[in-house]
Amino acid sequence: MFSKEEEKNLRVEFWNKFGAFSQERGRRRKWMMQDTGIKAVNLKFDIDRDSASVGVDIVSKDLERRVYYYEKFESLKVMIAEALGEDVIWDLEYPVVPGKDIARIYTVLPDVDIYRKETWEKTWNFFYEKMSALEDLYIEFKDFIRQSADYGTN
Numbered sequence: 438m439f440s441k442e443e444e445k446n447l448r449v450e451f452w453n454k455f456g457a458f459s460q461e462r463g464r465r466r467k468w469m470m471q472d473t474g475i476k477a478v479n480l481k482f483d484i485d486r487d488s489a490s491v492g493v494d495i496v497s498k499d500l501e502r503r504v505y506y507y508e509k510f511e512s513l514k515v516m517i518a519e520a521l522g523e524d525v526i527w528d529l530e531y532p533v534v535p536g537k538d539i540a541r542i543y544t545v546l547p548d549v550d551i552y553r554k555e556t557w558e559k560t561w562n563f564f565y566e567k568m569s570a571l572e573d574l575y576i577e578f579k580d581f582i583r584q585s586a587d588y589g590t591n
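Under my numbering, residues 438 to 591 are what the sequence shown spells out, in order.
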């Protein structure tokens, strides 16, 4: 087991080294993440003790709005599968904490662990490949995703 300080330091080291890894592969700007131009839509990396994931979180508290954006992405299902792979998980009611759901569209890399450095490079490759493809797709279809008669452009 690690102390809280050791866990924090490992996480910081993981993400700092991933930043360097990304730059070595030609990445010259920050990842888009929450800067999607749509308050309810975030692109997300995640890693824990047994897997890593890359995907889209639709975080609106308003269920109608969440469904609206989920369906927008669902209409791009073929392109998303091409970008992330056929094993994309589509979850309209993904529980983040008891009583709070979000919509999540994501792909998973199993058998990696943020606390096992020997899995880091495999995870970084997964993150870089999948998030690059997801960002490219998002940028291409951003105007379509944003457009809504009911919600304006956000």
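Every residue, glycine too, gets a C-beta built ideally from N, C-alpha and C.
{"Asked": "Beta-carbon spacing of L513, L574 below 9 Å", "Found": "yes"}
{"Asked": "V515, buried or exposed, once every other Cβ within 10 Å from all chains shown has been counted against 16", "Found": "exposed"}
{"Asked": "C-alpha distance - K579 paired with M438, whole-angstrom precision", "Found": "43 Å"}
{"Asked": "Reduced DSSP secondary structure (H/G/I, E/B, other) of K537", "Found": "strand"}
{"Asked": "Span separating the alpha-carbon of K567 from that of K445", "Found": "25 Å"}
{"Asked": "Validate contact between the stretch 499 to 509 and the stretch 454 to 469 using beta carbons, cut 8 Å, 3 pairs", "Found": "no"}
{"Asked": "Sequence-distant residues of its chain with Cβ nearer than 7 Å to F451 (five each side left out)", "Found": "I551, W557"}
{"Asked": "Beta-ladder partner(s) of K481, from DSSP", "Found": "G492"}
{"Asked": "6 Å Cβ shell around Y543 - same chain, five flanking residues per side excluded", "Found": "S490, G492, I526"}
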